[in-house]
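*Asks:* Same order as they appear, the protein sequences are chains A and B. Here our numbering is used: position 194 in the first sequence is 194, and no number is missing along the way. Here our numbering is used: position 71 in the second sequence is 296, and no number is missing along the way. Heads up, the beta-carbon is just placed ideally off N, CA and C, and yes, glycines get one too.
Protein chains: 2
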Amino acid sequence: MKKSNAAMVCFSGGQDSTTCLFWAKKHFSRVEAVCFTYGQKHSKEVEVARQIAGDADVPFQLLDVSLISQLDQNCSLVNPQLAMDEEKPADSYPNTFVPGRNMVFLTFAAILARSKGIFDLVTGVSEADFSGYPDCRDTFIRSLNVTLNLAMDEQFVIHTPLMNRDKSEVWELSDQLGVFDLVRTRTLTCYNGIIADGCGHCPACKLRKHGLEEYLKRRGLKDNR
Amino acid sequence: MKKSNAAMVCFSGGQDSTTCLFWAKKHFSRVEAVCFTYGQKHSKEVEVARQIAGDADVPFQLLDVSLISQLDQNCSLVNPQLAMDEEKPADSYPNTFVPGRNMVFLTFAAILARSKGIFDLVTGVSEADFSGYPDCRDTFIRSLNVTLNLAMDEQFVIHTPLMNRDKSEVWELSDQLGVFDLVRTRTLTCYNGIIADGCGHCPACKLRKHGLEEYLKRRGLKDNR
């Protein structure tokens, strides 16, 4: 991919979007970050994101889309009355699913990007993610890309560098990008709002830890070869 | 179409969406209305919408998506610094175009509808509209429908009863639905915030008036036959 043009990264300060931020810095000459608040229990997320973007010299913009959580209170991430599903229910999505979330994020990201003359969007969604949220699937992203182009009569391109990577491969990518330690020590993925290794028992921590162990094992084998 | 189920109507209190509201009341056993504020110059629009919905016995919900106008200040409808284009520029859209507006509206309408068990959405967009806004085209709506279904793993259906009707045919439909006088005297279409016949010189008023005259002429010819 030629290094040119500008990209807008959907950025939350977690492992995935931080890896995407540095992926974008490698592939685009100008990078901006957009972060969304939507009534998350842990607004610490936003401060973590702002600091990482600042240190990476990436302009950071915060958009309040809390309307999305007022519309549907069935999600544990935004409703303090609900305990979080720690396992995926057999017949549905875990209650950490905020319906339409990525669609709202990417739509606003596109409108913002367009106003700045940016038409490349980067998001850290992955099909390899544990829960199978429908709005993380490649098919959805491709359909959304077409819809955005038709809505605004523009040529957006949505980049999903993590789409087919499991968590160990996301760790690997951050290592290739030279930000393995930064991602490991400074990002916030934990649903309970604890930075770096997190609480250790929420679904996000388990997934992150499992991927890290797998990657370190693979790297160790390679180093010792 | 069988009268069953429930529909959510995107409703602004203008000629088009009011016609759609009554179209929905004819075709669905339960109808709700959702209205969007987005920093319009004329918030009177909202009060007009609320009253029409109330009199029609339709639950009315107002959603604030003013974020959309904070993202792009190049539109005259939301930026008081800009004079409104009264004619369409030859090489672009008139500055009454709010980029992504219908995509944001319909996405939030879908999330809200889903939380109420409603999967039929109704919008008054029309390809016959004068300006050729990209987000009023049938292709966009069909693409959005697919994207919404993929985003939430649901089966939404977006209904566009006005898609291929010009303004005279929208008047005709309101007459068929028995609400011609209501639409004529109580709706607000005018960009300058004047109810019914409006200011008479903004693009919306000209379009409405031209359609009305055309329809009345056609109806007169028919009545006298």
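Can you tell me whether PHE11 of chain A is buried or exposed? The criterion is at least 16 other CB atoms within 10 Å of its CB, across all chains shown.
*Replies:* Against the first sequence, residue 11 of chain A aligns to sequence position 11. Per the 10 Å Cβ criterion, buried.
*Asks:* Helix, strand or coil for HIS159 of chain A per DSSP?
*Replies:* Counted from its first residue, the first sequence places residue 159 of chain A at position 159. The answer is strand: DSSP assigns HIS159 of chain A an E or B state.
*Asks:* If you draw a straight line from the alpha carbon of THR107 of chain A to that of GLY325 of chain B, how long is it in whole angstroms?
*Replies:* On the first sequence, position 107 is the one that residue 107 of chain A refers to. On the second sequence, position 100 is the one that residue 325 of chain B refers to. Approximately 8 Å between the Cα atoms of the pair.
*Asks:* Quick one, are the C-beta atoms of ALA204 of chain A and ASP120 of chain A less than 7 Å apart?
*Replies:* Translated into the one-based positions of the first sequence, residue 204 of chain A becomes position 204. Translated into the one-based positions of the first sequence, residue 120 of chain A becomes position 120. Cβ atoms of ALA204 of chain A and ASP120 of chain A: not closer than 7 Å.
*Asks:* Would you say MET388 of chain B lies against chain A (beta-carbon separation less than 7 Å)?
*Replies:* Taking the first residue of the second sequence as 1, we reach residue 388 of chain B at position 163. No - not a single Cβ of chain A is within 7 Å of the one on MET388 of chain B.
*Asks:* Measuring CB to CB, does VAL273 of chain B end up less than 7 Å from ALA258 of chain B?
*Replies:* Position 48 of the second sequence, counted from the start, is the residue given in the question as residue 273 of chain B. Position 33 of the second sequence, counted from the start, is the residue given in the question as residue 258 of chain B. Cβ atoms of VAL273 of chain B and ALA258 of chain B: not closer than 7 Å.
*Asks:* Go ahead and pull the three-state DSSP assignment for PHE330 of chain B.
*Replies:* Taking the second sequence and counting its residues from 1, the one referred to as residue 330 of chain B is at position 105. Of the three classes helix, strand and coil, the one that applies to PHE330 of chain B here is helix, per DSSP.
*Asks:* Contact between the region 207 to 219 of chain A and the region 360 to 372 of chain B: three or more CB pairs below 8 Å?
*Replies:* The region 207 to 219 of chain A, when compared against the region 360 to 372 of chain B, does not touch it at the 8 Å Cβ threshold.
*Asks:* Bridge partners for GLN295 of chain B per DSSP, in chain order?
*Replies:* To locate residue 295 of chain B, count along the second sequence from 1; it is residue 70. When DSSP reads this structure, GLN295 of chain B sits in no beta bridge, so it has no partner.
*Asks:* State whether the region 18 to 37 of chain A contacts the region 194 to 210 of chain A, with contact taken as three or more CB pairs (one from each stretch) at a distance under 8 Å.
*Replies:* no
*Asks:* Taking Cβ positions only, does VAL146 of chain A come closer than 7 Å to chain B?
*Replies:* Residue 146 of chain A sits at position 146 when you count from the first residue of the first sequence. Yes - at least one Cβ of chain B is within 7 Å of the one on VAL146 of chain A.
*Asks:* Which residue spans inside the region 345 to 421 of chain B form an unbroken alpha helix (DSSP H) run of at least 4?
*Replies:* 363 to 377, 392 to 401 and 405 to 411
*Asks:* Whole angstroms is fine: what's the gap from THR139 of chain A's alpha carbon to ALA151 of chain A's?
*Replies:* Within the first sequence, residue 139 of chain A is the residue found at index 139, counting from 1. Within the first sequence, residue 151 of chain A is the residue found at index 151, counting from 1. Taking the straight line joining both Cα atoms gives about 18 Å.
*Asks:* For ALA15 of chain A, count the other beta carbons within 10 Å of its own beta carbon; 16 or more makes it buried, fewer makes it exposed. Which is it?
*Replies:* Counting from one through the first sequence, the residue named residue 15 of chain A turns up at place 15. Residue 15 of chain A is actually Gln in this sequence, not Ala. GLN15 of chain A comes out buried.
*Asks:* With three or more C-beta pairs closer than 8 Å as the rule, is the region 188 to 198 of chain A touching the region 19 to 28 of chain A?
*Replies:* no
*Asks:* Please classify PHE253 of chain B: does DSSP put it in a helix, a strand, or coil?
*Replies:* Position 28 of the second sequence, counted from the start, is the residue given in the question as residue 253 of chain B. PHE253 of chain B: coil per DSSP, three-state reduction.
*Asks:* I need the boundaries of the alpha helix (DSSP H) containing GLN276 of chain B, first residue and last residue.
*Replies:* Here residue 276 of chain B refers to the residue found at position 51 when the second sequence is read from its first residue. Here the alpha helix (DSSP H) through GLN276 of chain B covers 269 to 280.
*Asks:* By Cβ distance below 7 Å, which residues in the same chain neighbour THR243 of chain B in space, the five residues on each side in sequence not counted?
*Replies:* Start at 1 with the first residue of the second sequence, and residue 243 of chain B comes out as number 18. These residues qualify, in order along the chain: ILE277, VAL408 and THR412.
*Asks:* So, does the CB of SER399 of chain B fall closer than 7 Å to a CB anywhere in chain A?
*Replies:* Taking the first residue of the second sequence as position 1, residue 399 of chain B is located at position 174. For SER399 of chain B, the answer is no, since every Cβ of chain A falls outside 7 Å of its Cβ.
*Asks:* With DSSP as the reference, label PHE236 of chain B as helix, strand or coil.
*Replies:* As a position in the second sequence, residue 236 of chain B is number 11, starting the count at 1. Here PHE236 of chain B sits in coil by DSSP.
*Asks:* With DSSP collapsed to three states, give me the class of CYS205 of chain A.
*Replies:* Here residue 205 of chain A corresponds to residue number 205 of the first sequence, with the count starting at 1. Of the three classes helix, strand and coil, the one that applies to CYS205 of chain A here is helix, per DSSP.
*Asks:* So the beta strand (DSSP E) GLN265 of chain B belongs to, where does it begin and stop?
*Replies:* Here residue 265 of chain B refers to the residue found at position 40 when the second sequence is read from its first residue. GLN265 of chain B -> no beta strand (DSSP E), and no H or E assigned at all.
*Asks:* With 16 other CB atoms within 10 Å as the buried threshold, where does VAL65 of chain A fall?
*Replies:* For this step, residue 65 of chain A is matched to residue 65 along the first sequence. Per the 10 Å Cβ criterion, buried.
*Asks:* In whole angstroms, give me the CA-to-CA distance for GLU397 of chain B and ASP448 of chain B.
*Replies:* Translated into the one-based positions of the second sequence, residue 397 of chain B becomes position 172. Translated into the one-based positions of the second sequence, residue 448 of chain B becomes position 223. Cα to Cα, the separation comes out at about 14 Å.
*Asks:* Who are the Cβ neighbours of PRO284 of chain B in its own chain at under 6 Å, not counting the five residues just before and after it?
*Replies:* Taking the first residue of the second sequence as 1, we reach residue 284 of chain B at position 59. Around PRO284 of chain B: GLU257.
*Asks:* Between the region 374 to 386 of chain B and chain A, which residues of the former have CB atoms less than 8 Å from a CB of the latter, in chain order?
*Replies:* LEU375, ALA376, MET377 and ASP378
*Asks:* Determine the closest residue to HIS27 of chain A out of A:VAL46, A:ASN5, A:GLU45 and A:LEU62, with distance taken between C-alpha atoms.
*Replies:* Here residue 27 of chain A refers to the residue found at position 27 when the first sequence is read from its first residue. When only C-alpha atoms are compared, the closest one is A:ASN5.
*Asks:* Candidates B:ASN417, B:VAL395, B:LEU402 and B:ILE420: which alpha carbon is nearest GLY436 of chain B's?
*Replies:* The residue given as residue 436 of chain B occupies position 211 in the second sequence. Ranking B:ASN417, B:VAL395, B:LEU402 and B:ILE420 by Cα distance to GLY436 of chain B puts B:VAL395 first.
*Asks:* Which same chain residues, not among the five before or five after ASN417 of chain B, have their C-beta less than 6 Å away from its C-beta?
*Replies:* Within the second sequence, residue 417 of chain B is the residue found at index 192, counting from 1. Within the same chain, Cβ atoms closer than 6 Å to the Cβ of ASN417 of chain B are found at CYS424 and CYS427, the five residues on either side in sequence being excluded.
*Asks:* Below 6 Å, is the gap between the Cβ of SER340 of chain B and the nearest heavy atom of the ligand MN?
*Replies:* Ligands are entirely absent from the displayed structure, and the ligand MN is therefore not among its contents.
*Asks:* Please work out which residues of its chain come closer than 6 Å, Cβ to Cβ, to ILE420 of chain B, disregarding the five sequence neighbours upstream and downstream, and give them in chain order.
*Replies:* Locating residue 420 of chain B in the second sequence gives position 195, where the first residue counts as 1. The beta carbon of ILE420 of chain B lies closer than 6 Å to those of LEU413 in the same chain, with the five residues before and after it left out.
*Asks:* Can you list, in chain order, the residues of its chain whose CB lies under 7 Å from that of ALA353 of chain B, leaving out five sequence neighbours each side?
*Replies:* For this step, residue 353 of chain B is matched to residue 128 along the second sequence. ASN389, ARG390 and ASP391, listed in sequence order.
*Asks:* Are any of the Cβ atoms in chain A nearer than 7 Å to that of PRO359 of chain B?
*Replies:* For this step, residue 359 of chain B is matched to residue 134 along the second sequence. True, the Cβ-Cβ gap to chain A drops below 7 Å.
*Asks:* Rounded to whole angstroms, how far is the Cβ of MET103 of chain A from the Cβ of ASP135 of chain A, which I believe are closer than 8 Å?
*Replies:* Looking up residue 103 of chain A in the first sequence gives position 103. Looking up residue 135 of chain A in the first sequence gives position 135. With 8 Å as the limit, MET103 of chain A and ASP135 of chain A qualify as a contact, their Cβ atoms being about 6 Å apart.
*Asks:* For chain B, find out if any of its Cβ atoms is closer than 7 Å to the Cβ of THR37 of chain A; answer yes or no.
*Replies:* By 1-based counting over the first sequence, the position of residue 37 of chain A is 37. Not an interface residue.
*Asks:* Rounding to the nearest angstrom, what Cα-Cα distance links LEU288 of chain B and LYS341 of chain B in this structure?
*Replies:* Here the question's residue 288 of chain B lines up with position 63 in the second sequence. Here the question's residue 341 of chain B lines up with position 116 in the second sequence. Distance between the alpha carbons of LEU288 of chain B and LYS341 of chain B: 15 Å.
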